[in-house]
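Below is one structure, written out as C-alpha cells; the observations come after it.
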Amino acid sequence: MQITRGWPRSFEEFSRPLRLVLPALALGSGLTGSALAALPPAIKPTVNPENSLTGWMLAATVMMERGDVPAANLALSHALPLAPHNLQLQHDALRYAAMAGHQPEAVKLANALPDQAAGSDIGTLILAQDAFARQDWAAMRRILTRSPHHGPLVTIAAPVLMGWSLAAEGHPDKALNLLAEAAGQPATRRLYLLHAAMVAEYLPTPLLAGQLYHRTGNASGDPLTLQILYAQLYGGWLERHGHHKEASDAVAALGVTSPLAALVIGPLQQDLPNLKKPTPVLGGAILNLQMALMITDAIQQDGIPRDPAIIALQQAIFLDPGLTLARIFLADTFREANQISSGLAELNSISPSDPLAALAAQERINLALRSGDLEQEADALHRALALRPENPEFLIQLAEVEDQRGHHTDAIALYTRALKASPPRKEILWPILLGRAMAAQESGNWPMVQDDMKHALELAPDQPEVLNFVGYANIEHNTDQAQSLAMLKKAVDLQPADASIQDSYAWALLKYRADLKTALPVLVQAAEHAPGDAEIGYHLGVAYWYLGRHTEAQDQWNQSLDDNPQPQDRALLLQALQNGGPHLAAFEQKP
Numbered sequence: 297m298q299i300t301r302g303w304p305r306s307f308e309e310f311s312r313p314l315r316l317v318l319p320a321l322a323l324g325s326g327l328t329g330s331a332l333a334a335l336p337p338a339i340k341p342t343v344n345p346e347n348s349l350t351g352w353m354l355a356a357t358v359m360m361e362r363g364d365v366p367a368a369n370l371a372l373s374h375a376l377p378l379a380p381h382n383l384q385l386q387h388d389a390l391r392y393a394a395m396a397g398h399q400p401e402a403v404k405l406a407n408a409l410p411d412q413a414a415g416s417d418i419g420t421l422i423l424a425q426d427a428f429a430r431q432d433w434a435a436m437r438r439i440l441t442r443s444p445h446h447g448p449l450v451t452i453a454a455p456v457l458m459g460w461s462l463a464a465e466g467h468p469d470k471a472l473n474l475l476a477e478a479a480g481q482p483a484t485r486r487l488y489l490l491h492a493a494m495v496a497e498y499l500p501t502p503l504l505a506g507q508l509y510h511r512t513g514n515a516s517g518d519p520l521t522l523q524i525l526y527a528q529l530y531g532g533w534l535e536r537h538g539h540h541k542e543a544s545d546a547v548a549a550l551g552v553t554s555p556l557a558a559l560v561i562g563p564l565q566q567d568l569p570n571l572k573k574p575t576p577v578l579g580g581a582i583l584n585l586q587m588a589l590m591i592t593d594a595i596q597q598d599g600i601p602r603d604p605a606i607i608a609l610q611q612a613i614f615l616d617p618g619l620t621l622a623r624i625f626l627a628d629t630f631r632e633a634n635q636i637s638s639g640l641a642e643l644n645s646i647s648p649s650d651p652l653a654a655l656a657a658q659e660r661i662n663l664a665l666r667s668g669d670l671e672q673e674a675d676a677l678h679r680a681l682a683l684r685p686e687n688p689e690f691l692i693q694l695a696e697v698e699d700q701r702g703h704h705t706d707a708i709a710l711y712t713r714a715l716k717a718s719p720p721r722k723e724i725l726w727p728i729l730l731g732r733a734m735a736a737q738e739s740g741n742w743p744m745v746q747d748d749m750k751h752a753l754e755l756a757p758d759q760p761e762v763l764n765f766v767g768y769a770n771i772e773h774n775t776d777q778a779q780s781l782a783m784l785k786k787a788v789d790l791q792p793a794d795a796s797i798q799d800s801y802a803w804a805l806l807k808y809r810a811d812l813k814t815a816l817p818v819l820v821q822a823a824e825h826a827p828g829d830a831e832i833g834y835h836l837g838v839a840y841w842y843l844g845r846h847t848e849a850q851d852q853w854n855q856s857l858d859d860n861p862q863p864q865d866r867a868l869l870l871q872a873l874q875n876g877g878p879h880l881a882a883f884e885q886k887p
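Have a look at this one:
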C-alpha cells in the first residue's frame with residue numbers, strides 16, 4: 297500500500313496573476329534552440345578555451361535554456377568581448393546582467409546599445425531607473441523622451457517615473473494630472489491610481505490621498521502580493537492620520553481571501569506605526585513589482601519567458617532593497633524556473649524581525665520542496681518554526697519530512713504538537729491522526745497505531761485514505777480481517793482509479809482469502825496506474841507465483857528491485873527471490 301504524502305492545504309499560490317493586460321512583450325528572446333542548431337559543431341580549440349567565442353556561446357545557450365541566470369550571465373560576459381559588435385549578443389548580455397541584479401554592468405551594457413536598436417525596451421528602462429535612483433530627473437526625462445516609440449515596459453513605466461519626478465520637484469498637482477490621464481486605460485487604471493494616492497500624500501490636504509486609496513481598493517482576484525502591498529500603503533496612511541482601528545482593519549481584511557495571510561496579519565498590524573510616507577524610490581520600486589505581476593499574468597496566459605519579470609523585480613530591489621515583497625516574489629519566480637539556490641539567496645536577505653518573515657519562511661519551504669532534498673526541507677521548516685513555533689502547517693510538514701528521513705519518534709512528537717495546536721475540526725484532525733499512525737507504524741508502536749486509526753475512522757468514516765490505511769494495516773497485522781477487507785472494498789468503490797487503494801484491496805484478497813481470481817486483474821490495473829511502484833510489483837509477483845507463473849513472478853520481482861524500493865519492500869523482494877517464492881499462510885493452508 298502506498299500512502300500519499302502531503303496533506304490537504306488551503307494555501308493559495310503566492311503569485312496568482314494580476315488581472316491586468318500587458319501588451320505583447322516584444323523582447324529579444326536570445327539564443328534559443330534554433331540558434332543552437334545553427335551554431336557550427338564544436339571542435340577542439342586551437343586557441344586558449346577562454347578565447348573561444350563558440351565555446352562561450354554554446355555555454356551561454358545551454359545555461360539560458362536551463363534558466364540558470366548566474367551561469368548564463370557569466371558565459372555571456374566572456375562571449376561579448378570576443379564579438380563586441382554582435383547586437384543580439386549585446387541584448388542577451390544586458391538581459392542576463394539585469395536578471396542577475398548586476399546594476400552597474402547592466403547600465404554599462406544599456407549605454408552601449410544604439411538608441412534605435414530594436415528591442416531596447418529593457419535598456420531604456422534600466423537607464424531611466426538608474427537616473428531615477430540618482431534623482432537626476434533631467435537625465436531621466438531625456439532618456440524617456442529620446443524616442444517617440446517605446447516598448448511595453450517603458451510605456452507602462454514612463455507616466456509613473458515622470459509623475460514621481462514631478463512630485464519630488466515640488467509639483468504633486470502636475471504629477472496627479474499626469475497619472476490621472478494615464479489612468480484612462482482600464483487595463484492599468486488601478487496601477488496608476490495607487491501611485492496617484494501615494495503622490496497625493498505630498499499635497500497640503502491629505503483627504504485626496506484617502507479617496508484615491510479607496511478608489512484603488514483590493515479586488516477579489518488580486519494576488520496576495522498585491523493585497524499585502526495595498527494593505528501596507530493604505531493602512532500606513534490611515535495610521536499616520538490617526539485612524540488606528542481602520543488601519544488595523546485594513547490589514548485584518550487580508551485574512552478574508554487568503555489563509556496564507558494569517559502568517560503575517562499580526563506582524564503587519566504591529567508594524568503600522570513604523571510605516572513612513574511613501575518616497576519616490578519606494579514608488580519606483582512598487583512600480584517594478586506591479587509590472588512583474590502583470591508579466592507573470594502574461595507568462596501564465598501566453599507562455600512568454602519570465603525574464604522581464606525577473607528584471608523588473610531586480611530593479612525593484614535596486615531602487616528599494618527594503619521592499620520585502622519584491623524579494624519574496626523574486627524567490628518565487630526563481631522557484632518556478634527551478635533556480636533553487638538563487639531563490640534561497642534572495643530570502644537570506646530578509647531579517648527574521650521583518651513583518652513578512654513568516655511569508656518568506658513559507659517561500660523557503662516551497663523552494664526546499666521543489667529541490668527534493670529532505671535535509672533542505674527540514675532546515676527550511678525548522679527556520680519557519682523558529683518564527684511560528686506552534687503553527688500547525690509547519691509542524692505537519694516537518695513531521696512528514698522527519699518520517700521520510702526515518703526519524704519516526706520525532707515525527708510522532710511533531711504530529712502530537714500539531715494536534716494540540718490545530719482547531720478541533722474533523723477535516724483538519726483526521727489527516728494529522730493518519731500521519732501519526734503512519735509514523736507510529738514505522739516505529740513499531742502498534743498500540744498507538746490502533747488508537748489513532750480508531751479516532752481517524754470516527755472522524756472520517758467515508759474517507760478513502762482512512763479506509764485504505766486502516767484496512768491495510770489490520771490485514772498486515774492479521775487483525776479484524778473480514779472487516780478490514782470490507783473497508784478496502786468500500787475504499788475501492790469510492791476511489792476506483794487509485795493505484796494504492798487497488799493494491800491494498802488486492803493484497804487483502806490474497807493474504808486473507810487466497811482469492812487469485814479477483815485479485816489478479818485488480819493488481820494488473822494497479823501496476824498499469826503506477827508502473828514504477830516496487831510494492832505493487834512485489835504483490836503482483838506474488839499473484840503470478842501462486843498461479844504457477846514462476847518465471848513471470850521472478851521477472852516482476854527483479855524489475856521491482858530496480859524501482860528504488862523501500863527497505864522493507866527490498867527485503868521482501870530478495871526473500872521471495874532467494875527462498876523459493878513467498879509464503880502466505882492463506883495459500884499454504886489450502887488443501
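Every number in my numbering is 296 more than the matching position in the sequence shown, counting from 1. Note that beta-carbon positions come from the ideal geometry of N, C-alpha and C, so glycine has one too.
Put residue i into one of helix, strand or coil per three-state DSSP.
| i | result |
| --- | --- |
| K573 | coil |
| N407 | helix |
| L499 | coil |
| T775 | coil |
| R845 | coil |
| R485 | helix |
| Q431 | coil |
| N662 | helix |
| P601 | coil |
| R442 | coil |
| E696 | helix |
| I606 | helix |
| S416 | coil |
| A815 | helix |
Buried or exposed, going by whether 16 or more other CB atoms sit within 10 Å of the CB of residue i?
| i | result |
| --- | --- |
| Q565 | buried |
| D851 | exposed |
| A881 | exposed |
| K716 | exposed |
| K807 | buried |
| D789 | exposed |
| A464 | buried |
| D593 | buried |
| V552 | exposed |
| S796 | buried |
| T501 | exposed |
| R721 | exposed |
| P760 | buried |
| A676 | buried |
| T775 | exposed |
| P576 | buried |
| P604 | buried |
| L868 | buried |
| N770 | buried |
Spatial neighbours of residue i within its chain, please: C-beta separation below 6 Å, excluding the five flanking residues on both sides.
| i | result |
| --- | --- |
| Q586 | L487 |
| L816 | A839 |
| L568 | G531, E535 and A543 |
| W803 | H835 |
| L559 | A654 and L655 |
| A367 | M359 |
| A849 | G837, Y840 and W841 |
| L729 | D748, H751 and A752 |
To which residues of the same chain is residue i closer than 7 Å at the C-beta, ignoring the five residues directly before and after it?
| i | result |
| --- | --- |
| A389 | L372, S373, L376 and L405 |
| G580 | Q425, F428, L457, W460 and L615 |
| V818 | Q798, Y801 and A802 |
| D511 | Sequence inspection shows Arg at residue 511; the Asp mentioned does not correspond to that position. So the list reads L489, once near-sequence residues are dropped. |
| A396 | V365, P366 and N369 |
Assuming the contact rule is C-beta atoms closer than 8 Å, residue i and residue j should be a hit. Round their C-beta distance to whole Å, please.
| i | j | result |
| --- | --- | --- |
| I439 | A424 | 5 Å |
| D417 | G447 | 3 Å |
| L378 | L354 | Contact doesn't hold; Cβ gap of about 13 Å is too wide. |
| S547 | A527 | Checking the sequence, you will find Val at residue 547 rather than Ser. Indeed, because the Cβ distance is near 5 Å, the residues count as touching under 8 Å. |
Can you check whether the C-beta of residue i is within less than 9 Å of a C-beta belonging to chain B?
| i | result |
| --- | --- |
| G397 | Here chain B cannot be found, since the structure has a single protein chain. |
Keeping to the same chain, check which residues put their C-beta closer than 8 Å to that of residue i; ignore five residues upstream and five downstream.
| i | result |
| --- | --- |
| L691 | L681, L710, Y711, R713, A714 and A717 |
| H537 | P502 and G506 |
| H491 | V456, G459, W460, L475, G579, I582 and L583 |
Confirm the yes/no value for this check: CB of residue i, any heavy atom of the ligand NAD, distance under 8 Å.
| i | result |
| --- | --- |
| D675 | The model depicted lacks the ligand NAD and carries no ligand whatsoever. |
* To do: For the stretch 822-877, list the alpha helix (DSSP H) runs that are entirely contained and at least 4 residues long, ordered along the chain.
  => If we require 4 residues or more, the alpha helix (DSSP H) runs fully inside the stretch 822-877 come out as 830-842, 846-857 and 863-874.
* At what residue ranges does the stretch 515-590 contain a whole run of the alpha helix (DSSP H), taking only runs of 4 or more? -> Segments of the alpha helix (DSSP H) lying fully in the stretch 515-590: 520-536, 540-548, 550-553 and 561-567.
* Asked: Taking only runs of the alpha helix (DSSP H) that begin and end inside the stretch 672-756, which ones reach a length of at least 4 residues, in chain order?
  -> Scanning the stretch 672-756 from its first residue to its last, the whole alpha helix (DSSP H) runs of 4-plus residues come out as 688-700, 704-717, 722-739 and 742-755.
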